[in-house]
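In our numbering, the protein residues as written are 1 to 309.
Notes follow once the structure below has been shown.
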């Protein structure tokens with residue numbers, strides 16, 4: 001476990017540096033939004049396309065992985081619905097619990113996956129997102145709309161949001177090139193390689209800049225419940241599902257990594273847009289990101305024997 005903690009320590013240090021940069025106004029408040037857009041629309045897609053293009057996908061258990069990922073997402077949504085009556089919180093606050101229990105910080109997973117398992121993990125991370133993102137988006141939008149009191153959800157916008165997502169587009173491009181064995185010139189691979197080198201450092205700094213270290217005592221039950229669901233229950237369920245569907249080796253490690261990662265920063269944006277409890281969402285994201293530095297090492301150490309099979 002110590003070796004895993006030491007390996008991922010620089011990742012969380014970069015997050016802390018990002019938080020300190022933002023707190024002390026460096027390089028300026030106008031820097032962070034463009035940096036996030038650059039990472040989301042350009043740098044991460046470049047990393048995904050190059051990694052998938054260069055990876056041998058023939059040995060990837062695509063079907064069992066998809067079943068495991070979808071079952072994991074569905075299990076967490078059901079679990080979040082089950083615990084709602086116990087928390088006794090209003091609808092908008094519950095939407096933050098729902099998002100905090102199911103959404104995943106992809107940037108952190110890419111960074112930890114690359115640090116622990118090497119470049120071959122990136123294609124598996126991309127596959128996880130390609131399966132999970134459309135399912136979670138399609139499932140959560142109507143639930144958030146209902147609990148936030150916005151009436152009927154705009155179903156027509158969901159497929160468009162999925163199709164326009166730069167990560168989904170990058171996965172589609174990479175898989176098309178790989179599966180059809182389309183010749184890719186070396187200069188293009190080199191260009192993408194140079195471009196994607198800034199992805200993870202900038203993404204981690206932006207995660208840190210987005211942290212809001214606040215403690216609202218009236219939200220402790222919701223906050224604590226979401227932390228337990230996301231950082232403890234989800235990775236445990238991920239391990240059980242991997243064993244049920246026969247997933248071992250690196251695919252298992254990546255699925256469990258995503259299960260134990262904190263929620264996505266995009267949850268805060270959706271909370272604001274759809275009438276959710278944005279301050280609670282910010283507190284959940286911050287608490288999960290900080291605590292994940294403590295919960296991920298033992299989880300990843302526990303599955304190390306299975307991941308090495």
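The beta-carbon is built from N, C-alpha and C at its ideal position, and this holds for glycine as well.
Any idea if residue 304 is buried or exposed, counting beta-carbon neighbours within 10 angstroms, 16 or more meaning buried?
As a working mapping, residue 304 is identified with position 304 in the chain shown. Flag for residue 304 reads exposed.
In or out: residue 53 buried (at least 16 other Cβ within 10 Å) or exposed?
Your numbering for residue 53 matches position 53 in the chain shown. Buried, since its Cβ has 16 or more Cβ neighbours within 10 Å.
When the Cα atoms are used, what is the spatial distance from residue 104 to residue 50?
By one-based count along the chain shown, residue 104 stands at place 104. By one-based count along the chain shown, residue 50 stands at place 50. Near 22 angstroms, if we compare the C-alpha coordinates of residue 50 and residue 104.
If we call anything under 9 angstroms between Cβ atoms a contact, is residue 222 one with residue 144?
As a working note, residue 222 is residue 222 in the chain shown. As a working note, residue 144 is residue 144 in the chain shown. No, Cβ-Cβ distance for residue 222 and residue 144 is not below 9 angstroms.
Of all the options 232, 241, 225, 292, which has the alpha carbon lying nearest to the alpha carbon of residue 93?
In the chain shown, residue 93 corresponds to position 93, counting from 1. Residue 225 is the option with its Cα nearest to residue 93.
Report, in whole angstroms, the separation of the C-beta atoms of residue 301 and residue 1, which I expect to be a contact under 8 angstroms.
Walking along the chain shown from the start, residue 301 turns up at place 301. Walking along the chain shown from the start, residue 1 turns up at place 1. With 8 angstroms as the limit, residue 301 and residue 1 qualify as a contact, their Cβ atoms being about 4 angstroms apart.
Could you pull out every residue in the same chain whose Cβ sits closer than 7 angstroms to the Cβ of residue 306, ignoring the five residues on either side in sequence?
Mapped onto the chain shown, residue 306 falls at position 306. The answer, listed in chain order, is 248, 252.
Which same chain residues, not among the five before or five after residue 266, have their C-beta less than 8 angstroms away from its C-beta?
Locating residue 266 in the chain shown gives position 266, counting from the first residue. If we look at residue 266 and ignore the five residues flanking it on each side, its Cβ neighbours are 103.
Start and end of the alpha helix (DSSP H) containing residue 361?
In this structure the chain extends from 1 to 309, so residue 361 is not present and cannot be described.
Does the distance from the C-beta atom of residue 96 to that of residue 231 stay below 9 angstroms?
For this step, residue 96 is matched to residue 96 along the chain shown. For this step, residue 231 is matched to residue 231 along the chain shown. No.
Kindly indicate the opening and closing residues of the alpha helix (DSSP H) around residue 219.
Looking up residue 219 in the chain shown gives position 219. Note, residue 219: premise wrong, no alpha helix (DSSP H); not H, not E.
Could you give the residue range of the alpha helix (DSSP H) that holds residue 7?
Indexing the chain shown from 1 puts residue 7 at position 7. Counting along the chain, the alpha helix (DSSP H) containing residue 7 begins and ends at 2 to 23.
Could you give the uninterrupted runs of the alpha helix (DSSP H) lying entirely in the stretch 41 to 85, keeping only those of 4 residues or more?
Taking only runs of at least 4 residues, the alpha helix (DSSP H) segments lying wholly in the stretch 41 to 85 are 44 to 54.
Using the Cβ count rule (16 or more neighbours within 10 Å means buried), how would you classify residue 191?
By one-based count along the chain shown, residue 191 stands at place 191. That one is exposed.
For residue 277, which of helix, strand or coil comes out of DSSP?
Stepping through the chain shown from its first residue, residue 277 is reached at position 277. Note: residue 277 maps to coil in three-state DSSP.
For residue 55, count neighbouring Cβ atoms within 10 angstroms of its own Cβ and tell me buried if that reaches 16, exposed if not.
Residue numbering aside, residue 55 sits at position 55 when the chain shown is read from its first letter. Flag for residue 55 reads buried.
Sort 134, 86, 282, 34 by Cα distance to residue 269 and report the nearest one.
Stepping through the chain shown from its first residue, residue 269 is reached at position 269. Comparing Cα-Cα distances from residue 269 to each of 134, 86, 282, 34, the minimum goes to 282.
Please tell me whether residue 36 and residue 171 are closer than 9 angstroms, where the distance is taken between their beta carbons.
Looking up residue 36 in the chain shown gives position 36. Looking up residue 171 in the chain shown gives position 171. No, the Cβ-Cβ distance between residue 36 and residue 171 is not below 9 angstroms.
Would you say the stretch 287 to 302 touches the stretch 103 to 122, given that touching needs at least three Cβ pairs under 8 angstroms?
Verdict: yes, contact present.
Got a sec? Which residues, its chain only, sit under 6 angstroms from residue 258 by beta carbon, not counting five neighbours each side?
Counted from its first residue, the chain shown places residue 258 at position 258. If we look at residue 258 and ignore the five residues flanking it on each side, its Cβ neighbours are 104, 109, 128.
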